[in-house]
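Visitor: Please see the structure below; I have some questions.
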Amino acid sequence: MSAERQVGRVPAFVKRLAPKRLLEPLFRLEARIAARWVASAHRRQMLVQWGLDPQPEFFDHHIDLYYQWRHSRAPVWLERGVFGALALKGGRVLELACGDGFNALNFYGCRSREVVACDFDAEAIRIARRRNRADNISYVLADIRTDLPEGRFENIVWDGAIEHFTPEEIDTILAGIRSRLAPGGILSGYTIVERGDGEKSLSHHEYEFKSKQDLMRFLEPHFAHVTVFETIYEHRHNLYFWASDAAVPFDEKWQAALRGGQRREDAVASAA
Ligand SMILES: C[S@@+](CC[C@H](N)C(=O)[O-])C[C@H]1O[C@@H](n2cnc3c(N)ncnc32)[C@H](O)[C@@H]1O
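Residue numbers (this note's numbering): 245 to 516.
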């Protein structure tokens with residue numbers, strides 16, 4: 245994409261104002277000052293939001309974007325959107341427990357016909373509707389234990405939230421998810437492994453998973469194909485999952501990938 249298509253044409257009066265060698269450092273300075281101020285404002289927001297009771301049940305991802313990413317140097321907050329987006333089929337998406345709607349807007353909505361994103365926290369839905377709205381995204385207030393949105397969906401996303409439910413609730417919700425998935429549809433999601441010291445990562449968590457195998461035992465009874473994989477950071481052990489009755493990303497039959505290496509293996513075998 246050309247720079248002009250991305251940011252628009254430089255207005256004529258700006259061109260007349262001063263040459264580029266003066267304008268560019270001026271705007272770079274403005275951007276640097278603004279970035280520092282935005283980062284410090286989000287640090288203060290995080291301090292109050294998470295340092296004083298009661299703690300919220302969802303995270304405002306603008307804190308990640310404007311402050312925490314730079315501070316932690318860890319891209320973990322982007323992984324769920326990236327790995328979830330690998331499973332997208334371009335049709336209807338149901339996002340369960342969507343929080344502030346950051347992922348619905350920035351990962352799922354741009355490659356799907358429609359996203360229905362729900363959460364039972366009225367404040368999360370209010371923020372999502374105000375900050376992360378788009379024509380093809382609707383934010384719905386719903387408790388997924390009793391009020392899972394109806395319909396057929398090519399993708400269902402359950403990010404950072406399966407651990408907010410008891411094992412019995414997880415099993416019931418998974419049955420509801422399965423019945424709403426269109427043929428070939430994929431459930432994707434993310435959760436966190438329980439900490440080694442026995443402390444919960446968040447007081448709202450009902451069940452923290454112990455390992456890949458522990459998460460797999462919940463998903464396998466409901467789906468023919470399940471992949472669970474992990475990423476490990478210094479202070480965080482993450483689990484991701486794709487589950488479907490058809491191929492999931494990186495399966496042999498996953499259409500988005502082409503595998504090489506077979507000819508080389510054949511050549512090695514025939515030379516031996
Ligand atoms: C840690 S946040 C994750 C939000 C978002 N998916 C993300 O990845 O940033 C967990 C979310 O689960 C929501 N939640 C918890 N129990 C729920 C329920 N019974 N029905 C719907 N949403 C629920 C909370 O309100 C919260 O927004």
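Positions of the beta carbon are idealized from the N, C-alpha and C atoms, including for glycine.
All values derive from a computational prediction rather than experimental measurement.
1) Under three-state DSSP, which class holds VAL251?
2) Between which two residues does the beta strand (DSSP E) holding PRO411 run?
3) Residues bridged to ALA487 by DSSP?
4) Considering Cα atoms alone, identify which of TYR311, PRO298 and VAL470 is closest to TRP281.
5) Quick one: what does DSSP say PHE453 is sitting in, helix, strand or coil?
6) For ALA361, list the residues DSSP reports as bridge partners.
7) Which value, in whole angstroms, describes the spacing of the CA atoms of LEU483 and PHE346?
8) Would the beta-carbon of PHE485 be found less than 7 Å away from any heavy atom of ligand 1?
9) Beta-carbon distances below 5 Å to any heavy atom of ligand 1 define the shell here; list its residues in chain order, please.
10) Quick one: any contact between the stretch 395-410 and the stretch 449-465, if contact means 3 or more CB pairs under 8 Å?
11) Per the DSSP calculation, ARG480 is bridged to which residue(s)?
12) Return the Cβ separation of ALA386 and PHE364 in integer angstroms, given the expectation that the two are a contact with Cβ distance under 8 Å.
13) Kindly indicate which three-state DSSP category PHE388 falls into: helix, strand or coil?
14) Once the 5 residues before and after THR471 are set aside, which same chain residues still bring their CB inside 6 Å of it?
Guide: Quick look at the numbers:
1) helix
2) Counting along the chain, PRO411 falls outside any beta strand (DSSP E), though it belongs to the alpha helix (DSSP H) covering 411-424.
3) LEU431 and VAL470
4) TYR311
5) strand
6) GLU339 and TYR383
7) 20 Å
8) no
9) GLU301, PHE302, ALA341, GLY343, ASP363, PHE364, ASP365, ALA368, ASP387, ILE388, ARG389, ASP403, GLY404, ALA405 and HIS408
10) yes
11) TYR477
12) 6 Å
13) The sequence shown places Ile at residue 388, rather than the Phe named in the question. Residue state, collapsed to three classes: coil.
14) TRP486 and VAL492
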